[in-house]
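Residues in the sequence shown are numbered from 0 upward in steps of one, following numbering that gives the first Met the number 0.
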Amino acid sequence: MPTKIEKDALTGTDTTGHEWDGLKELNTPLPKWWLYLLYVTIAFSAVWVVLYPAFPFKGWTGVTGWVAREAVVQDVAAANARMAPMMNRIREATPQQIAADPELRSFAMAGGRIAFANNCAGCHGAGGQGAVGGFPSLADDDWIWGGTHDAIRATIQHGIRAGESDEERVSVMPRFVADGVLTLAQASDAAEFVLSLSGRATDQAAVERGKPLFAENCVSCHGENGEGNRDVGAPRLNDRVWLHASDRASIARYIANPRLGVMPAWGGRLDPATVNMLTVYVHALGGGEN
Ligand code: HEC
Ligand code: HEC
């Protein structure tokens, strides 16, 4: 390959002397400032590799010993240490005492809001408004298991039908049609009677047929007038708040083969202080009872 350096007629730039099939390469080196910047970054990285972690080797290399991950651990430990006195007071107090003390209360509300967003919002909604599919609103005054501080704390601590705690909340609504206790037609009549409890029935004959079925099969848990029973977590049926079903067809399907809500026990997952903060937070969402 000929290596004759010549001036390119069109641009006035020297060629490198390389030529391929009549194509000649112009010699246009990098600008000096760019080149020096490159050398500076290479020098910088060499210094960095010596000072700071670059390769995993018996822990990490780097003569300063500084590691970002450990710095974060220290920051978190420092933050925890700052909060420790407050967390200890929250842990020792009852939710009622926390709610009554302005200082503890505001700390618990802030901590409870974060813990709720991290652990509960996925099922109960960001504002505790609940979600379709059996996830109850925690922001209204309609409670399945109870809305006092003690009841809320017990629910959070031990969970519901999750099989994780001996003291969990548990009850089972029978599968009336699936287990052969009622026929589908009877379930539909019972559903119409359930609607009549909140003044929404449209088929009086079905209500009459459903009434004795309800008296015989349902009042033991849901109460004479469908007022519900917190001891067995049976929801009120004479209001317009629905967990699983809300019209005749879906209520009949529910009676035929109920789905039972499950909530994890948080006592084994969260610090007792966090459970207390969540209790105060949920109680304050709107429907807390005394
Ligand atoms: C995996 C979904 C899920 C998560 C996560 C969850 N829950 Fe629940 N929770 C439920 C379900 C389902 C029910 C209703 C159970 C039933 O049908 O009795 C419930 C019920 C409750 C109740 C009782 C409501 C009442 O009316 O008595 C409270 C209080 C509660 N949850 C608080 C919390 C808190 C606080 C957290 C976060 C620490 C949380 N839940 C996380 C699913 C969940
Ligand atoms: C052994 C107690 C028990 C009996 C008996 C029982 N239920 Fe229930 N029922 C429950 C429980 C507990 C729930 C809530 C399940 C859950 O929270 O996931 C429930 C939920 C319901 C719901 C859903 C309410 C909603 O808000 O979506 C309807 C409707 C219902 N029951 C109707 C009936 C009817 C009608 C009968 C009689 C044919 C009956 N139940 C008998 C315990 C019972």
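A virtual CB, placed ideally from N, CA and C, is assigned to each residue, including glycine. Only a predicted model underlies this, so the values are computations on that prediction, with no experimental measurement involved.
Original post:
Between Glu223, Asp230, Asp246, Arg235, which lies nearest to Gly200 when the distance is taken from Cα to Cα?
Top reply: Reading the sequence shown from its first residue, position 201 is the one you call residue 200. Note that residue 200 corresponds to Ala in the displayed sequence, not to Gly. Answer by Cα proximity: Asp246.
Subject >> Ile155 CB to nearest heavy atom of ligand 2 below 7 Å >> reply: What you label residue 155 is simply residue 156 of the sequence shown in a count that begins at 1. Using a cutoff of 7 Å, the CB of Ile155 does not count as near ligand 2, since none of the ligand's heavy atoms is closer than that.
Original post:
Residues bridged to Arg247 by DSSP?
Top reply: On the sequence shown, position 248 is the one that residue 247 refers to. Arg247 is not bridged by DSSP to any residue.
Original post:
For Trp59, which residues from the same chain have a beta carbon less than 7 Å from its beta carbon, with the 5 sequence-adjacent residues on both sides left out?
Top reply: Taking the sequence shown and counting its residues from 1, the one referred to as residue 59 is at position 60. Only residues of its own chain outside the window of five on either side were considered, and among them Pro52, Val66 have a CB closer than 7 Å to the CB of Trp59, listed in chain order.
Original post:
Is Arg258 closer than 8 Å to His243 when the C-beta atoms are compared?
Top reply: Taking the first residue of the sequence shown as position 1, residue 243 is located at position 244. Taking the first residue of the sequence shown as position 1, residue 258 is located at position 259. It is a contact, given that the beta carbons lie within the stated cut-off.
Original post:
Given that a residue counts as buried once 16 or more other Cβ atoms are within 10 Å of its Cβ, and exposed if not, what is Arg68?
Top reply: Residue mapping note: residue 68 aligns to position 69 of the sequence shown, counting from 1. Around the beta carbon of Arg68, fewer than 16 other beta carbons sit within 10 angstroms, so the residue counts as exposed.
**OP:** With hydrogens ignored, establish whether the beta-carbon of Ile143 is closer than 7 Å to any heavy atom of ligand 1.
**Re:** Counted from its first residue, the sequence shown places residue 143 at position 144. Indeed, a heavy atom of ligand 1 lies less than 7 Å from the Cβ.
Subject >> Any non-hydrogen atom of ligand 2 closer than 7 Å to Gly58 Cβ >> reply: To locate residue 58, count along the sequence shown from 1; it is residue 59. Relative to ligand 2, even the nearest heavy atom lies 7 Å or more away from the CB of Gly58.
Original post:
Which residue or residues does DSSP assign as beta-bridge partners of Pro55?
Top reply: One-based indexing of the sequence shown puts residue 55 at position 56. Bridge partners of Pro55: Trp59.
**OP:** Report whether the distance from the Cβ of Val193 to the nearest heavy atom of ligand 2 is below 7 Å.
**Re:** Within the sequence shown, numbered from 1, the residue matching residue 193 stands at position 194. Correct: Val193 has its Cβ closer than 7 Å to ligand 2.
Original post:
Using 8 Å as the threshold, is the region 81–93 in touch with the region 264–282, meaning 3 or more CB pairs across them?
Top reply: Yes, since at least three Cβ pairs between the region 81–93 and the region 264–282 fall closer than 8 Å, the two stretches touch.
Original post:
What is the rounded straight-line gap between the Cα of Met108 and the Cα of Pro101?
Top reply: Position 109 of the sequence shown holds residue 108. Position 102 of the sequence shown holds residue 101. Cα to Cα, the separation comes out at about 10 Å.
Original post:
In its own chain, which residues sit with a C-beta less than 6 Å from the C-beta of Thr147, not counting the 5 before and 5 after it?
Top reply: Residue mapping note: residue 147 aligns to position 148 of the sequence shown, counting from 1. Result list for Thr147: Glu288, in chain order.
Subject >> Arg268 burial status per 10 Å Cβ neighbour count (16 or more: buried) >> reply: The residue given as residue 268 occupies position 269 in the sequence shown. Exposed, since its Cβ has fewer than 16 Cβ neighbours within 10 Å.
Subject >> Length at least 3, wholly inside the region 17–47: the beta strand (DSSP E) runs in chain order >> reply: With a minimum length of 3 residues, the continuous beta strand (DSSP E) runs that stay inside the region 17–47 are 22–25.
**OP:** Check Met172 in the structure and name its three-state DSSP category.
**Re:** Here residue 172 refers to the residue found at position 173 of the sequence shown. If DSSP states are grouped into helix, strand and coil, Met172 belongs with coil.
Original post:
Exposed or buried, what is Gly129 when buried is set at 16 or more other beta-carbons lying within 10 Å of its beta-carbon?
Top reply: Taking the first residue of the sequence shown as position 1, residue 129 is located at position 130. Classified as buried, Gly129 has 16 or more neighbouring CB atoms from the shown chains inside 10 Å of its CB.
Subject >> Rounded distance between the beta-carbons of Gly209 and Glu223, thought under 8 Å >> reply: Residue mapping note: residue 223 aligns to position 224 of the sequence shown, counting from 1. Residue mapping note: residue 209 aligns to position 210 of the sequence shown, counting from 1. Rounded, the Cβ-Cβ distance is 14 Å, inconsistent with contact.
**OP:** Using the DSSP secondary-structure output, state which residues sit across from Ala130 in a beta bridge.
**Re:** Your numbering for residue 130 matches position 131 in the sequence shown. According to DSSP, which records beta bridges pairwise, Ala130 is partnered with Phe134.
Subject >> As assigned by DSSP and simplified to three states, the class of Ala283 >> reply: As a position in the sequence shown, residue 283 is number 284, starting the count at 1. Reduced to three states, the DSSP call for Ala283 is coil.
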